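Peer 1:
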Amino acid sequence: MGWAAGGTGRNVALIDTDAASGVADSAIEPAVVPLAQLGAAIAEREAGTPRPRWVWSDTEHWYPELLAAGIRIERCHDLRLCHAILHGSVLAAPATLHQGGVESSTWDATNLPAPNAPPPPPHAAAALFDLDDLAPVAAAVEASGDGIDGSEGRAASGAVGSSQASAQREGDPADAHESFAEWHRQMAASTGVPGADRLKLLLAAESAGALIAAEMRAGGLPWRAEVHEQILSDVLGPRPQPGALPERMERAAALTRAALGEPGLHLDSQPRLLRALHRNGVFVESTNRWLLREHTHPAIEPLLEYKKLSRLLSANGWAWLEEWVHDGRFRPTFVPGGVVTGRWASSGGGALQIPKQLRAAVVADPGWALIIADVAQLEPRVLAAMARDRSMAKAGNGTDLYAGIVASGAVDTREHAKLAVLGAMYGATTGESGRLVPQLRRVFPDAMKLVDDAARAGERGDTVTTWLGRSSPPPSPRWHEAQAAATQPDADTADERRARQAARDRGRFTRNFVVQGTAAEWSLCWMADLRLRLDQLGTVGAASGAPRSGAAFSQRPHLAFFLHDEIIVHTPLERVDAAATAVREAAASAGRLLFGGFPVDFPLELRVGHSSDEL
DNA sequence: AGCTGGATTGGG
DNA sequence: AGAACCCAATCCAGCT
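The opening position of the first sequence corresponds to residue 383 in our numbering, with each subsequent residue numbered one higher.
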């Protein structure tokens, strides 16, 4: 069975996508469930076999409340994220989604054309994570008026009463029918095209990522506030009164001001600080740490100390702790697909920039452990697999790809191997890295051809596409203007220089895009696969007490953190070994999902322990 | 008062 | 040390 859900009012409409398949949209009558009973309705269908794939407008909108009620779902299709992928992808059949003038990369139901794509063939939504998943569920939650009872099969249209409800119906992207129609369009766009399998895998992985992001926020990263506070007081001094600076900062500031002979100097103002430095004979262009370090004035050392402490205080000080850590959990907001390449972004809490200094605050609960796993040299391994470069893949057999590259004879030291590989992926042209790249090109021509081709495509203004089908954005109008200006008869050397510069910049972007984006896809598959494996390990002990926030994770191993190529799993001690095995197996599985039988290793550095500091 | 862009520093 | 790619968060300056 399958269900679509949508809506933001007091009632939620569910469409059985199997029953509705082949039925004209106007004839589809959603089952209406009061919003308060949505959790129970979903939980009931999740308990069945096979479990449905929920199709909904936006995981971020629907899932947190379900999680708070202790309800998890196994799989979904996130229309917003998938629309963004399909809208930009050169692999997707364009007409189905682009028709009607949808320009925004964000799915906006108010701009969508009337559904005109034929209903997908039965089971079209079966995704690669479960080829036997023949039961997509579209869940459309629909705003409607008062007095609707929840009997299945009842027409939602009869429920529209108040003008407020009508207004919500008109423009609500979560509307059941809109969701159902958009789902049809997305299936049409991703079915029967070359590369459909990859695209479907990407849509499934992206949607799983949306579930994981919500679950990680709900589950949280175990964070000991008292350990964090101890670090702060050790480094900054005791917590100051509001408005006052911590002792150590105050001292560093005073020493700096004294050395500069300006007792009233405001150190946080770059222009004023710069002028003061100049007056003291320190002729730096900026207050950048590396520039300052080259000078020997007595103000430099305390100033650098002040800047370091200031950073800790403002980014991860007591205020951060109070805002982001509650009940022993750090709950950042992860933003799947938030970066053009497909990497995740974060919003609030600075989840992607936790300084290593504070890692000691990440401590497992009593009776629990942390599993911290990261992939060694993920991006070059992904590159080797994409390019089917067997020599480079072979260099990555074992644990250290850079050592393997040295063994291949391309370069002489591990440090040079690292510089050469990073230079190849980032497009270095100068410096030591730039000089080493040609040596790599000689030994790994296939891998280098892939990134070089991507760079040339970008320089031409073409889009490039990741392994699973996420395409780079096209060049901006400004970019085209710069290129056009350089080809005019009256173009001067400055025009030409600008155009060449813009082309090269874009070439470096597309060069990196294919590798970074495919690495992000590997990580998504790793996590999505791991999530299902961890769920199969089941809960431990007896669930006790009433459901509370986070109850969905209270007794089971769960993903607690993700950062590009690293994950942290928080697990009951009884499940440590099984969870660690799952982490490894999921990595191997991700490699097979993306690259089939191509012989490429993705070795994990995997540590198990109580505190992330000791690991 | 609120926005934008620059500078800086943390992460991969 | 960095460079070269992708970011977020903070503070400040300068603008409307």
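Just so you know, even glycine gets a beta-carbon here, dropped at the ideal spot from N, CA and C.
As the structure is a computational prediction, the values presented were derived from the model and not from experiment.
Between A968 and R915, how many whole angstroms is the CB-CB distance? I'm expecting something under 8 Å.
Peer 2: Translated into the one-based positions of the first sequence, residue 968 becomes position 586. Translated into the one-based positions of the first sequence, residue 915 becomes position 533. So it is a contact: roughly 6 Å between Cβ atoms.
Peer 1: On a CA-only basis, which of T812, A885, G899, G840 is nearest L765? Give me that one, please.
Peer 2: For the purposes of this step, residue 765 is identified with residue 383 of the first sequence, where counting begins at 1. Ranking T812, A885, G899, G840 by Cα distance to L765 puts G899 first.
Peer 1: Express the C-alpha separation of C907 and L919 in angstroms, rounding to a whole number.
Peer 2: Residue 919 sits at position 537 when you count from the first residue of the first sequence. Residue 907 sits at position 525 when you count from the first residue of the first sequence. Straight-line Cα distance between these residues: approximately 19 Å.
Peer 1: Quick check: the Cα distance between E447 and L752, rounded to an integer number of angstroms?
Peer 2: Within the first sequence, numbered from 1, the residue matching residue 447 stands at position 65. Within the first sequence, numbered from 1, the residue matching residue 752 stands at position 370. Straight-line Cα distance between these residues: approximately 26 Å.
Peer 1: Using the Cα positions of V617 and D650, report the straight-line distance between them to the nearest angstrom.
Peer 2: Position 235 of the first sequence, counted from the first residue, corresponds to residue 617. Position 268 of the first sequence, counted from the first residue, corresponds to residue 650. Computed Cα separation, rounded: 19 Å.
Peer 1: My guess is that V717 and W726 are in contact by the Cβ rule of under 8 Å, so how many angstroms apart are they, rounded?
Peer 2: Taking the first sequence and counting its residues from 1, the one referred to as residue 717 is at position 335. Taking the first sequence and counting its residues from 1, the one referred to as residue 726 is at position 344. Confirmed, about 6 Å.
Peer 1: Nearest to A422 by CA position, among R433, I453, T669, is which residue?
Peer 2: For this step, residue 422 is matched to residue 40 along the first sequence. Cα-wise, what sits closest to A422 is I453.
Peer 1: Which whole-angstrom value describes the C-beta separation of L603 and R711, a residue pair presumed to lie in contact below a C-beta threshold of 8 Å?
Peer 2: For the purposes of this step, residue 603 is taken as the residue at position 221 of the first sequence. For the purposes of this step, residue 711 is taken as the residue at position 329 of the first sequence. Right, the Cβ-Cβ distance comes to about 7 Å (below 8 Å), so this counts as a contact.
Peer 1: Between the region 983-996 and the region 863-880, do at least 3 Cβ pairs fall closer than 8 Å?
Peer 2: Counting Cβ pairs under 8 Å, fewer than three are found: no touch.
Peer 1: So S589 and C458 are supposed to be a Cβ contact under 8 Å. How far apart are they, rounded?
Peer 2: To locate residue 589, count along the first sequence from 1; it is residue 207. To locate residue 458, count along the first sequence from 1; it is residue 76. Contact holds; Cβ gap of about 5 Å.
Peer 1: Taking three-plus beta-carbon pairs below 8 Å as touching, is the region 851-866 in contact with the region 803-816?
Peer 2: No, they do not touch.
Peer 1: Just the Cα atoms here: how many angstroms apart are R567 and R913?
Peer 2: For the purposes of this step, residue 567 is taken as the residue at position 185 of the first sequence. For the purposes of this step, residue 913 is taken as the residue at position 531 of the first sequence. So the alpha carbons of these two residues sit roughly 28 Å apart.
Peer 1: Enumerate in chain order the residues of its own chain whose CB-to-CB distance from P954 is below 6 Å, with the five nearest sequence positions on each side excluded.
Peer 2: For this step, residue 954 is matched to residue 572 along the first sequence. Only W750, V922 meet the Cβ criterion.
Peer 1: On the three-state DSSP scale, how would you describe I949?
Peer 2: As a first step, residue 949 is located in the first sequence; it is residue number 567 there, counting from the start. Note: I949 maps to strand in three-state DSSP.
Peer 1: Could you tell me which uninterrupted alpha helix (DSSP H) segments, each at least 4 residues in length, are contained entirely in the region 570-618, listed from first to last along the chain?
Peer 2: Entirely contained in the region 570-618, the alpha helix (DSSP H) runs reaching 4 residues are, in chain order, 578-601, 607-618.
Peer 1: From the DSSP secondary-structure annotation, give me the bridge partner or partners of C458.
Peer 2: Within the first sequence, numbered from 1, the residue matching residue 458 stands at position 76. Bridge partners of C458: W436.
Peer 1: What is the rounded straight-line gap between the Cα of G805 and the Cα of A799?
Peer 2: Translated into positions along the first sequence, residue 805 becomes position 423. Translated into positions along the first sequence, residue 799 becomes position 417. If I take the Cα positions, the gap works out to 10 Å.
Peer 1: Is the Cβ-Cβ distance between L463 and A571 less than 8 Å?
Peer 2: The count along the first sequence starts at 1 and reaches residue 463 at position 81. The count along the first sequence starts at 1 and reaches residue 571 at position 189. Their beta carbons are not under 8 Å apart, which means L463 does not touch A571 by this criterion.
Peer 1: From the DSSP secondary-structure annotation, give me the bridge partner or partners of H940.
Peer 2: Reading the first sequence from its first residue, position 558 is the one you call residue 940. DSSP output for H940 lists H952 as bridge partner(s).
Peer 1: Can you give, in chain order, each stretch of the alpha helix (DSSP H) that sits fully within the region 730-811 and has at least 4 residues?
Peer 2: As far as the region 730-811 is concerned, its whole alpha helix (DSSP H) runs of at least 4 residues are 760-768, 772-777, 783-789, 796-808.
Peer 1: Relative to the C-alpha of R893, which candidate in A881, W904, T848, R860 has its C-alpha closest?
Peer 2: Taking the first sequence and counting its residues from 1, the one referred to as residue 893 is at position 511. Measuring from the Cα of R893, the nearest candidate turns out to be T848.
Peer 1: Going by beta carbon distance, what residues of the same chain come within less than 6 Å of R606, once the five residues before and after it are set aside?
Peer 2: Reading the first sequence from its first residue, position 224 is the one you call residue 606. Once the five neighbours on either side are set aside, the close Cβ partners of R606 are A743, V745.
Peer 1: Could you tell me if Q546 is buried or exposed, where buried requires 16 or more neighbouring beta carbons within 10 angstroms of its beta carbon?
Peer 2: Within the first sequence, residue 546 is the residue found at index 164, counting from 1. With a pLDDT of only 24 at Q546, under the threshold of 50, the placement of this residue in the model should not be trusted; the figure read from the coordinates follows. Under this definition Q546 is an exposed residue.
Peer 1: Shortest alpha-carbon distance to A592 belongs to which of V609, N670, L461, R657?
Peer 2: Position 210 of the first sequence holds residue 592. For the residues V609, N670, L461, R657, the minimum Cα distance to A592 belongs to L461.
Peer 1: Taking the beta carbon of W672 as the centre, do at least 16 other beta carbons fall within 10 Å, making it buried, or is it exposed?
Peer 2: Taking the first sequence and counting its residues from 1, one reaches residue 672 at position 290. Counting Cβ neighbours within 10 Å, W672 comes out exposed, since fewer than 16 surround it.
Peer 1: Please say whether D911 and R779 have beta carbons closer to each other than 8 Å?
Peer 2: The residue labelled residue 779 in the question sits at position 397 within the first sequence. The residue labelled residue 911 in the question sits at position 529 within the first sequence. Looking at the sequence provided, one finds Asn at residue 779 rather than Arg. Not a contact, by the Cβ cut-off of 8 Å.
Peer 1: How many Å lie between G625 and P939 at the Cα?
Peer 2: For this step, residue 625 is matched to residue 243 along the first sequence. For this step, residue 939 is matched to residue 557 along the first sequence. Each residue's Cα considered, the two are about 42 Å apart.
Peer 1: Taking 8 Å as the threshold, find out whether the region 646-665 comes into contact with the region 722-739 through three or more Cβ pairs.
Peer 2: No contact exists between the region 646-665 and the region 722-739.
Peer 1: May I ask which residues mark the beginning and end of the beta strand (DSSP E) holding G889?
Peer 2: Residue mapping note: residue 889 aligns to position 507 of the first sequence, counting from 1. From DSSP, G889 is part of no beta strand (DSSP E) but of the alpha helix (DSSP H) over 875-919.
Peer 1: In whole angstroms, what is the alpha-carbon distance linking G769 and V825?
Peer 2: Here the question's residue 769 lines up with position 387 in the first sequence. Here the question's residue 825 lines up with position 443 in the first sequence. Checking the sequence, you will find Ala at residue 769 rather than Gly. Cα to Cα, A769 sits roughly 14 Å from V825.
Peer 1: Let me make sure I understand the geometry here. Which of E667, L642, G646 has the alpha-carbon closest to that of A658?
Peer 2: For the purposes of this step, residue 658 is taken as residue 276 along the first sequence, with counting starting at 1. A658 has its Cα closest to that of L642, out of E667, L642, G646.
Peer 1: Please report the straight-line C-alpha distance between F895 and A635, rounded to a whole angstrom.
Peer 2: Indexing the first sequence from 1 puts residue 895 at position 513. Indexing the first sequence from 1 puts residue 635 at position 253. One C-alpha to the other measures close to 43 Å.
Peer 1: Would you kindly work out how many angstroms separate the C-alpha atoms of R974 and F980, rounded to a whole number?
Peer 2: Here residue 974 corresponds to residue number 592 of the first sequence, with the count starting at 1. Here residue 980 corresponds to residue number 598 of the first sequence, with the count starting at 1. So the alpha carbons of these two residues sit roughly 8 Å apart.
Peer 1: Please state whether DSSP places D834 in a helix, a strand or coil.
Peer 2: The residue you call residue 834 lines up with position 452 of the first sequence. In the structure shown, D834 sits in a helix (DSSP, three-state: H, G or I).
Peer 1: Which one of D398, W438, I455, I397 has the shortest CA to CA distance from A425?
Peer 2: For this step, residue 425 is matched to residue 43 along the first sequence. It is I455 whose Cα lies nearest to the Cα of A425.
Peer 1: Specify, as a first and last residue, the run of the alpha helix (DSSP H) that V819 falls within.
Peer 2: Your numbering for residue 819 matches position 437 in the first sequence. Per DSSP, V819 belongs to the alpha helix (DSSP H) from 813-825.
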